[in-house]
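Visitor: Have a look at the structure that comes next, please.
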Amino acid sequence: MSEKIRVLLSQDTVTERIKALGEQISRDYAGKQPHLICILKGGAYFMIELAKYITIPVTIDFMSVSSYGNATVSSGRIKIVKDLDEPVDGKDIIIVEDIIDSGKTLSYLVKLFESRQPDSVKLCTLLDKPDRREVEVFVDYIGFQIPDEFVVGCGLDYMQKYRNLPYIGIVEL
Numbered sequence: 001m002s003e004k005i006r007v008l009l010s011q012d013t014v015t016e017r018i019k020a021l022g023e024q025i026s027r028d029y030a031g032k033q034p035h036l037i038c039i040l041k042g043g044a045y046f047m048i049e050l051a052k053y054i055t056i057p058v059t060i061d062f063m064s065v066s067s068y069g070n071a072t073v074s075s076g077r078i079k080i081v082k083d084l085d086e087p088v089d090g091k092d093i094i095i096v097e098d099i100i101d102s103g104k105t106l107s108y109l110v111k112l113f114e115s116r117q118p119d120s121v122k123l124c125t126l127l128d129k130p131d132r133r134e135v136e137v138f139v140d141y142i143g144f145q146i147p148d149e150f151v152v153g154c155g156l157d158y159m160q161k162y163r164n165l166p167y168i169g170i171v172e173l
């Protein structure tokens, strides 16, 4: 292991923010049942933690897309590796993602889901990297805005490593 990981956001800081997002979603969707769509693999850690703090009924599904491979920057090419198991028409969906940087993947997914006729589409991300934005995308729920650094932990990886870190760290190669 030649990389060093420097803590950017502590475990307690991340947990408190996820709890606040869950409470906000619960208020915003009172009387409804949002359908959480987790973008795998990284989004799984975040969605599981987020769902713990949502106090209204939710349903979930998973989608796997790739634009990174084993690189530290997005290739810009979006490939659907696993599509949803259930249709989303008539549902209030919240796309749950670990990080938004260029915006290309989420812009693509929002258009894809809107074409499937849900009642609504919102985005929720643990991390937002606005300095990397190439495509404008409106994010409804943001955990943290972070600087343009390559980060790991809480589901984010570097070559499939470090997803299990309970904090957000900056990779120093």
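Reminder that position 36 of the sequence shown reads as 36 in the working numbering, one-by-one numbering, no gaps.
Even for Gly, the Cβ is constructed at its ideal location relative to N, Cα and C.
(1) Leaving out five residues before and five after residue 151 in sequence, what residues of the same chain have Cβ atoms less than 8 Å from its Cβ?
(2) Are three or more beta carbon pairs between the region 76-90 and the region 137-152 nearer than 8 Å?
(3) Which residues does DSSP list as the beta-bridge partners of residue 145?
(4) Please list, in chain order, all residues of the same chain as residue 140 whose beta carbon is under 6 Å from its beta carbon, the five residues on each side excluded.
(5) Leaving aside the five residues before and after residue 156 along the sequence, list all residues of the same chain whose C-beta is less than 8 Å from its C-beta, in chain order.
(6) Since I believe residue 135 is in contact with residue 104 (beta carbons under 8 Å), could you give me their beta-carbon distance rounded to a whole number of angstroms?
(7) Going along the chain, which residues of its own chain have a beta-carbon closer than 7 Å to the beta-carbon of residue 145, five neighbours each way excluded?
(8) Please identify the residue among 16, 113, 6 whose C-alpha is closest to the C-alpha of residue 37.
(9) Quick check: the Cα distance between residue 33 and residue 108, rounded to an integer number of angstroms?
(10) Taking the CB atoms as reference points, tell me whether residue 30 and residue 56 lie closer together than 8 Å.
(11) Helix, strand or coil for residue 47? Go by DSSP, reduced to three states.
(12) Just verifying my parser: in three-state terms, what is the DSSP assignment at residue 157?
(13) Given a cut-off of 8 Å, decide if residue 173 and residue 3 are closer than it, judged by their beta-carbon atoms.
(14) Please identify the residue among 28, 23, 18 whose C-alpha is closest to the C-alpha of residue 45.
Guide: Reading off the structure:
(1) 8, 99, 127, 168, 169, 170, 171
(2) no
(3) 128
(4) 122, 123
(5) 42, 98, 99, 127, 162, 163, 168
(6) 5 Å
(7) 128, 130
(8) 113
(9) 24 Å
(10) yes
(11) helix
(12) coil
(13) yes
(14) 18
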